[in-house]
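Read the structure below first, then the notes.
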Amino acid sequence: MMFAKLAAAFAGVSLIAVATGAAADPVHTDKGDVAGVTAGKVESFKGIPFAAPPVGDLRWRPPQPAAAWTGVKNASAFRPECMQLSRFAGASASMSEDCLTINVWRPAGTKAGDKLPVMVWIYGGAFTNGAASTPFYDGTHFAEKGVILVSANYRLGRFGFFAHPALDGGPGPVGNYGIMDQIAALKWVKANVAAFGGDTSNITVFGESAGGISVNYLMTSPAAKGLFDKAISESGFGRSVPKPLAAAEQSGASFAQTQGVTGTDAAAAAALRAIPADKVLAGTVALGGGASPGPILDGQILTQGIAQAFAAGVEAHVPYMEGGNSYEASLFEQMVSAAPAATLARAGDPAKVKAAYGARDDLDMARDVLTDTMITEPDRFLARQMDKQGVPAWVYRFDYVAEANRAKVYGAAHGSEIPFVFANLLDHPMTIGGRDIPASTDQDYKVAAAMHAYWVAFAKTGDPDSAGGVAWPRYTNAGDQLLEINADGSLAPRAGFEKDRLDLIEANVRAGGAP
Numbered sequence: 013m014m015f016a017k018l019a020a021a022f023a024g025v026s027l028i029a030v031a032t033g034a035a036a037d038p039v040h041t042d043k044g045d046v047a048g049v050t051a052g053k054v055e056s057f058k059g060i061p062f063a064a065p066p067v068g069d070l071r072w073r074p075p076q077p078a079a080a081w082t083g084v085k086n087a088s089a090f091r092p093e094c095m096q097l098s099r100f101a102g103a104s105a106s107m108s109e110d111c112l113t114i115n116v117w118r119p120a121g122t123k124a125g126d127k128l129p130v131m132v133w134i135y136g137g138a139f140t141n142g143a144a145s146t147p148f149y150d151g152t153h154f155a156e157k158g159v160i161l162v163s164a165n166y167r168l169g170r171f172g173f174f175a176h177p178a179l180d181g182g183p184g185p186v187g188n189y190g191i192m193d194q195i196a197a198l199k200w201v202k203a204n205v206a207a208f209g210g211d212t213s214n215i216t217v218f219g220e221s222a223g224g225i226s227v228n229y230l231m232t233s234p235a236a237k238g239l240f241d242k243a244i245s246e247s248g249f250g251r252s253v254p255k256p257l258a259a260a261e262q263s264g265a266s267f268a269q270t271q272g273v274t275g276t277d278a279a280a281a282a283a284l285r286a287i288p289a290d291k292v293l294a295g296t297v298a299l300g301g302g303a304s305p306g307p308i309l310d311g312q313i314l315t316q317g318i319a320q321a322f323a324a325g326v327e328a329h330v331p332y333m334e335g336g337n338s339y340e341a342s343l344f345e346q347m348v349s350a351a352p353a354a355t356l357a358r359a360g361d362p363a364k365v366k367a368a369y370g371a372r373d374d375l376d377m378a379r380d381v382l383t384d385t386m387i388t389e390p391d392r393f394l395a396r397q398m399d400k401q402g403v404p405a406w407v408y409r410f411d412y413v414a415e416a417n418r419a420k421v422y423g424a425a426h427g428s429e430i431p432f433v434f435a436n437l438l439d440h441p442m443t444i445g446g447r448d449i450p451a452s453t454d455q456d457y458k459v460a461a462a463m464h465a466y467w468v469a470f471a472k473t474g475d476p477d478s479a480g481g482v483a484w485p486r487y488t489n490a491g492d493q494l495l496e497i498n499a500d501g502s503l504a505p506r507a508g509f510e511k512d513r514l515d516l517i518e519a520n521v522r523a524g525g526a527p
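Set out below in structure tokens:
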């Protein structure tokens, strides 16, 4: 992933001051007391267990309650990231199956009963990599604005998304252990965030890429009902459909055979859980279509595709923000640049494609077609369903590229909005791994301040337009409005965004049987 490459450039580097200040007053959670640290105007509590370690007999089971502890647990540092092949160079020093921990940032001096808005971040990484400890996800600036920011690890790859006949007898949910971890984290927030000063009736869940997909699935999951009050999906692939359980079980059985496990009984389940973690991890395919671990249609956690659920009106009826970037195709740039004609062919009749996208370079057209197919048209579809149901929705389009990189890239790459959303920009140049990383400019900071303000406003009020900046109108089918964060740093509402292009994409997906 493009963002993974960017994050890797910051190995071991925090974009803001590391929290090395005085100890914060202990907070009492339902399992015991935790003590974080105070740095400036923010207190942070890191590495708090929200579930039992999913190891041994608990591997490939729904998350179980964490054990209680006595005394005060030191919550001053991140705990290990979950098992993964391609790591996001976060603040954690290691990775482990024992990774189900949660982190909290709050304004210094906040007390139980203060009822501050809460935001819960779900990281991306194709469901095969990522970590809550990645420096871009530091919640300091949200806390400075009066928001409690929470992030949590969830199981990845085969550890988080795995099905096998020996494991899938129920009666509990199966397969989607990573999504179950996210739900367990939200339940922890419901049970504990009031002790940190948070409002349990004002919880916003938000995420990007796999995290944005997760947000959309949580919107549709019966198991997540009532656990959040607002949602933000960044680059959320709104037409994603879970892998059928039978297909996931077939993939699981194929893996099991490579490890010498062939049965489907309890002994086979025990043998699977005894496979060394490095063997489970080996050979994980990321962004590999059917071979890549990811969400599964298990019938309890996930019951249908995202678009299907929104079309049926069974998604959570909560205020909803969504959007994407102008160069989402950066995820698959190698594929697109190798054969742009193949991407264009998937958009339908060549004459209609050229009419909608403009007769220009095939590669640039292919990049836009893939971006629209993956993100932009699905966003419009989901917003249309929300408006039909009378549920407020807001849509954005991020086209801004940091000034130092503007001449080098086609557009705003997948994941590039995240540092702007978190206001975690690099304030001085660095050379990391032989690569020169320029400092952010005044214009970069202005865009970050505007985006950060919208996200904060949404968390506080359920309406990003309450930030008081450039007007961000609520989406309506009549106006088809979104907020465009333009390449030059300006922001403006825009009606009927790329209607001809998106109508063409929508016609194609409907011809294939999608709603």
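Per our numbering, numbering of the sequence shown is gapless, rising by one per residue and ending at 527. Just so you know, even glycine gets a beta-carbon here, dropped at the ideal spot from N, CA and C.
Residue i - DSSP class collapsed to helix/strand/coil
| i | result |
| --- | --- |
| Asp45 | strand |
| Ala507 | strand |
| Pro177 | coil |
| Gly171 | The question names Gly, yet the displayed sequence has Phe at residue 171. In the structure shown, Phe171 sits in a helix (DSSP, three-state: H, G or I). |
| Ser163 | strand |
| His464 | helix |
| Gly142 | coil |
| Ile191 | helix |
| Trp133 | strand |
| Ile287 | coil |
| Gln76 | coil |
| Phe470 | helix |
| Leu97 | coil |
| Gly59 | strand |
| His426 | coil |
Through-space distance from residue j to residue i, alpha-carbon basis
| i | j | result |
| --- | --- | --- |
| Asn498 | Glu220 | 20 Å |
| Met333 | Leu161 | 17 Å |
| Gly325 | Ala138 | 27 Å |
| Ala235 | Gly501 | 40 Å |
| Leu309 | Gln316 | 7 Å |
| Gln271 | Phe57 | 40 Å |
| Ile517 | Arg91 | 43 Å |
| Glu510 | Pro390 | 13 Å |
| Gly184 | Pro74 | 8 Å |
| Met231 | Ala323 | 13 Å |
| Cys111 | Arg409 | 34 Å |
| Arg486 | Phe218 | 18 Å |
| Ser163 | His40 | 18 Å |
| Val468 | Val482 | 15 Å |
| Ala354 | Val116 | 46 Å |
| Val459 | Met192 | 35 Å |
| Phe249 | Thr113 | 27 Å |
| Gly142 | Val348 | 25 Å |
| Asn188 | Gln346 | 30 Å |
| Gly508 | Gly370 | 17 Å |
| Val201 | Ser106 | 25 Å |
| Gly445 | Ala282 | Low per-residue confidence applies at Gly445: pLDDT is 48, beneath 50, and the placement is therefore not dependable enough to give any value. |
| Lys291 | Thr276 | 20 Å |
| Gln96 | Asp373 | 38 Å |
| Leu343 | Ala465 | 27 Å |
| Val186 | Ala363 | 46 Å |
| Lys127 | Ala294 | 45 Å |
| Thr473 | Cys94 | 34 Å |
Check whether residue i and residue j have beta carbons under 7 Å apart
| i | j | result |
| --- | --- | --- |
| Arg167 | Pro305 | no |
| Asn489 | Asp384 | no |
| Glu109 | Ala289 | yes |
| Leu375 | Pro352 | yes |
| Ala222 | Gly136 | yes |
| Ala462 | Leu503 | yes |
| Pro296 | Thr140 | Note that residue 296 is Thr in the sequence shown, not Pro. Contact flag set, yes. |
| Gly226 | Gln194 | Per the sequence shown, residue 226 should be read as Ser rather than Gly. Contact: yes. |
| Ala416 | Pro441 | no |
| Val54 | Ala155 | yes |
| Arg251 | Ala197 | no |
| Ala368 | Asp241 | no |
| Met131 | Ala471 | yes |
| Trp406 | Pro505 | no |
7 Å Cβ cutoff, residue i in contact with chain B
| i | result |
| --- | --- |
| Gly370 | No chain B is part of this structure, which consists of one protein chain only. |
Exercise. Three or more C-beta pairs closer than 8 Å, one from the segment 339-354 and one from the segment 422-439: is that the case here?
Worked result: yes
Exercise. Would you call the segment 79-96 and the segment 49-64 in contact, with 3 or more CB pairs under 8 Å?
Worked result: yes
For this session: Jot down the residue ranges of each uninterrupted beta strand (DSSP E) in the segment 301-344, minimum 3 residues, whole runs only, in chain order.
Result: 332-337
For this session: Check whether the segment 243-253 touches the segment 261-271, taking contact to mean three or more Cβ pairs, one atom from each stretch, closer than 8 Å.
Result: no
Exercise. Can you list the alpha helix (DSSP H) stretches of 4 or more residues lying completely in the segment 198-262, in chain order?
Worked result: 222-232
For this session: Please determine if the segment 116-133 and the segment 198-211 are in contact, where contact requires at least 3 C-beta pairs separated by less than 8 Å.
Result: yes
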